[in-house]
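A.B. asks:
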Amino acid sequence: MLRTKVPVRYKNPHASSDMMLDLEIIENTPPKDLEDNTRHNSLVYDNWLQVKEEHDIPAVLIAGGPSINDHIDDIKRLEKAGATIFAMNGSSGWARTHGIKVDAQIILDAKEETSTLVDSHAVNHYFSSQCHPKTTSASDNVTLWHLDRPEIESLLPPEKVKQGGYVIVGGDSTVGICSLCLAYTQGYRKLHCFGYDTSYKDKEGHGYTQAINKTMPTIPTNWAGVDYTISIAMKDQVGNFMAYSTALKGLGCEFEVYGTGLLQSVYHADISNLSEQDKYKLMWMFPSYRAVAPGESIADFYINKFKPTGRVIDFGCGTGRAGVRFSEAGYSVTLIDFADNCRDNNAMDLPFIEWDLTEEMPFSAENGFCTDVMEHIPTKDVGAVVDNIMNTVERCFFQISTVDDIGGDLIGSRLHLTVKDHDWWERLFKVSGYAIEWEEEQETASLFYISNPDRRETCQ
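In the numbering used here, the protein residues as written are 545 to 1004.
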């Protein structure tokens, strides 16, 4: 069963700083049950989702966020203009109570109690094959679709797989993202998205009462200076929405995103006005941005080449994969980054400090490790960051990219703010009074092993 750790900030009014707790969450349905449901439904239901030709009819996608209550008139206007109404889970019943005819209800969740959300008045029902049989059997008009999970086709009847013609729908683990992909397969290119808030309003996570989610654990988050509360089940939806909507736009889709929740705030953000911290919080929401971790690929080289002794601080740790490698090698390691959503799940057990490297640091260690960070620092702050790092550790390994980035294309913003050649960085370290014990100029990066003579003498 998939397990995920989520950092939760606990605010103690009597403490000088917040406590970070790691909350472990697991999938709500065991993998075996998902497989059994998929096998069962694939044998029982012959009507599988198939690709349809592109057309000009708009699609209205109604998720369950609280902001749907602010846009009833917008949905009715689009319905009157001929849009197809897709409603997810309990939003189908909500739509019906407001006089909106639902053309198709979409359900992904495999929990048995999800069957209570089936709206018999919806014209069609698009149910995932992983849904519980009680859910699929609650409708007489089921169109089955298959979620793009590993080895999904091994669970389907071989003769149907051989026959082909069906759709495997992407979207990861939330029905909202899957609905975007599903609508695309049905030929829709104009997508109007309602209720994709991904955050609570007045302590409510839906625009209607949904008892089965009342006990869902929540966590606080901050975006662009605004505090939000989100469900742990939805923690990845913002990043996935950004990634999938970007991909679908590349395939010819147009998006209108309505509402005032966290997701809408991120989607409509003016990148040019974001703080550096919020810019990187946004970047770490993209799965593709965390696909490559430069520190991970050079951690073993650092260990074998310099044989550090003592503690290691990973400055600008990102995913934390290098830190995981240090921990596996027996080192005591602390991760530091100013975006608290950067770490991978398997790095959550390691000590982590949310910190801006342009600020002096009230902690120390013998060794520092800083890979593909310095080029992200505004040039005016580079000297201060180097000093802050070298006043914190006795020696530090730096890997610095010397070329422009491509990751910023995801948000239309440049990420490498200090792109300099090897000689520039060498002069900086020397002028700042640090000893270069080893260096190497590579095609796209500069490597340095730096020590602070003054601090090393103080520590001896």
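Cβ coordinates follow ideal geometry from the N, Cα and C atoms, glycine included.
In terms of DSSP beta bridges, what is Ile994 paired with?
C.D. replies: The partner list for Ile994 (beta bridge, DSSP) reads Cys940, Ile980.
A.B. asks: Just to confirm the assignment, what range does the alpha helix (DSSP H) spanning Pro575 have?
C.D. replies: Run containing Pro575: 575-588, per the alpha helix (DSSP H) assignment.
A.B. asks: On the criterion of 16 or more Cβ atoms from any shown chain inside 10 Å, does Glu800 qualify as buried, or is it exposed?
C.D. replies: Counting Cβ neighbours within 10 Å, Glu800 comes out exposed, since fewer than 16 surround it.
A.B. asks: Residues in the same chain with beta-carbon distance under 8 Å from Gly805, minus the five sequence neighbours each way, listed in chain order, please.
C.D. replies: Gly609, Pro610, Ser611, Tyr740, Asp741, Thr742, Ser743, Lys745, Tyr772, listed in sequence order.
A.B. asks: Once the 5 residues before and after His690 are set aside, which same chain residues still bring their CB inside 6 Å of it?
C.D. replies: Excluding positions up to five away in sequence, the list reads Ser673, Ile696, Ile712.
A.B. asks: Any idea which residues DSSP pairs Gly501 with across the strands?
C.D. replies: Lying before the first or after the last residue shown, residue 501 is absent from the chain, which here runs from 545 to 1004.
A.B. asks: Looking at the strands, I want to know which residues DSSP matches up with Cys886.
C.D. replies: Cys886 is not bridged to any residue.
A.B. asks: Looking only at C-alpha atoms, which of Phe907, Asp900, Glu904 sits nearest to His920?
C.D. replies: For His920, the nearest C-alpha among the options comes from Asp900.
A.B. asks: According to the neighbour-count rule (16 or more other Cβ atoms, all chains shown, within 10 Å of its Cβ), is Pro852 buried or exposed?
C.D. replies: Buried, by the Cβ-count rule.
A.B. asks: Please classify Asn885 as buried or exposed, where buried requires at least 16 neighbouring CB atoms within 10 angstroms.
C.D. replies: When all chains shown are included, Asn885 counts as buried.
A.B. asks: My output table needs one value for Val719: the three-state DSSP class, helix, strand or coil.
C.D. replies: Helix.
A.B. asks: For the stretch 830-837 against the stretch 854-863, are there 3 or more C-beta pairs whose distance is under 8 Å?
C.D. replies: Counting Cβ pairs under 8 Å, three or more are found: they touch.
A.B. asks: So is Thr923 buried or exposed if we call it buried at 16+ other beta carbons inside 10 Å?
C.D. replies: Classification of Thr923: exposed, given that the 10 Å Cβ count is below 16.
A.B. asks: What is the rounded straight-line gap between the Cα of Thr962 and the Cα of Met918?
C.D. replies: Roughly 7 Å between the two C-alpha positions.
A.B. asks: Under the assumption that Ser723 contacts Leu605 (Cβ atoms under 8 Å), give the Cβ distance between them as a whole number of angstroms.
C.D. replies: Sure, about 5 Å apart at Cβ, within 8 Å.
A.B. asks: Here's a check: name, in chain order, each residue in its chain whose Cβ is nearer than 8 Å to the Cβ of Val667, leaving out the five neighbours to either side.
C.D. replies: Answer for Val667: Lys645, Val646, Asp647, Ala648, Asn685, listed in chain order.
A.B. asks: Check whether the stretch 699-712 and the stretch 624-636 are in contact - that is, three or more C-beta pairs closer than 8 Å.
C.D. replies: The stretch 699-712, when compared against the stretch 624-636, does not touch it at the 8 Å Cβ threshold.
A.B. asks: What are the boundary residues of the alpha helix (DSSP H) that includes Ser672?
C.D. replies: Ser672 -> not in any alpha helix (DSSP H); beta strand (DSSP E) instead, spanning 668-672.
A.B. asks: State buried or exposed for Ile950, treating a residue as buried only when at least 16 other CB atoms are found within 10 Å of its CB.
C.D. replies: Its Cβ having fewer than 16 others within 10 Å, Ile950 is exposed.
A.B. asks: Let me make sure I understand the geometry here. Which of Asn996, Asp814, Ser957 has the alpha-carbon closest to that of Asn932?
C.D. replies: Out of Asn996, Asp814, Ser957, Asn996 has the C-alpha closest to the C-alpha of Asn932.
A.B. asks: Can you name the residues that DSSP bridges to Phe799?
C.D. replies: For Phe799, which the question treats as bridged, DSSP gives the partners Leu735.
A.B. asks: Take Ala682 as the anchor and find which of Tyr670, Asp692, Arg693 has the nearest alpha-carbon.
C.D. replies: Nearest of Tyr670, Asp692, Arg693 to Ala682, Cα basis: Tyr670.
A.B. asks: From Ala979 to Phe913, what distance separates their C-alpha atoms?
C.D. replies: Distance between the alpha carbons of Ala979 and Phe913: 16 Å.
A.B. asks: Rounded to the nearest angstrom, what separates Ser976 and Asp948 at their Cα positions?
C.D. replies: Those two C-alpha atoms are separated by around 25 Å.
A.B. asks: Give every residue of the same chain whose Cβ lies closer than 6 Å to the Cβ of Leu879, excluding the five residues on either side of it in the sequence, and list them in chain order.
C.D. replies: Closer than 6 Å at Cβ, skipping near neighbours: Asp858, Cys861, Gly864, Gly867, Leu894, Phe896.
A.B. asks: Pop quiz: Thr1007 and Val662 are said to be a contact at Cβ under 8 Å. What is the actual Cβ separation, rounded to whole angstroms?
C.D. replies: What the structure shows of the chain is the stretch from 545 to 1004, and residue 1007 is not part of that stretch, so it cannot be assessed.
A.B. asks: Note down the Cα distance separating Arg971 from Ala928, rounded to an integer number of angstroms.
C.D. replies: Arg971 and Ala928: Cα-Cα distance of roughly 15 Å.
A.B. asks: How long is the line joining the alpha carbons of Ser816 and Gly714, rounded to whole angstroms?
C.D. replies: Computed Cα separation, rounded: 31 Å.
A.B. asks: Is Ile955 buried or exposed, if buried means 16 or more other CB atoms sit within 10 Å of its CB?
C.D. replies: Buried.
A.B. asks: Would you mind sorting Gly637 into buried or exposed? The rule is 16 or more other CB atoms within 10 Å of its CB.
C.D. replies: Counting Cβ neighbours within 10 Å, Gly637 comes out buried, since at least 16 surround it.
A.B. asks: Smallest Cα separation from Cys725: which of Ala654, Cys797, Asp888?
C.D. replies: Checking every option, the nearest Cα to that of Cys725 belongs to Cys797.
A.B. asks: Measuring only the C-alpha atoms, how far is Gly749 from Ile774?
C.D. replies: Cα-Cα distance, rounded: 8 Å.
A.B. asks: In chain order, what residues of the same chain have a beta carbon less than 8 Å from the beta carbon of Lys974, not counting five sequence neighbours either side?
C.D. replies: Excluding positions up to five away in sequence, the list reads Ile980.
A.B. asks: Give me, in chain order, the residues of the same chain whose beta-carbon lies closer than 6 Å to that of Thr658; leave out the 5 immediate sequence neighbours on both sides.
C.D. replies: So the list reads Thr679, once near-sequence residues are dropped.
A.B. asks: Do you know offhand how far Met760's Cα is from Gln821's?
C.D. replies: Cα to Cα, the separation comes out at about 28 Å.
A.B. asks: Going by other Cβ atoms of all chains shown within 10 Å of its Cβ, with 16 needed for buried, is Asn935 buried or exposed?
C.D. replies: The residue is exposed, with fewer than 16 neighbouring Cβ atoms inside 10 Å.
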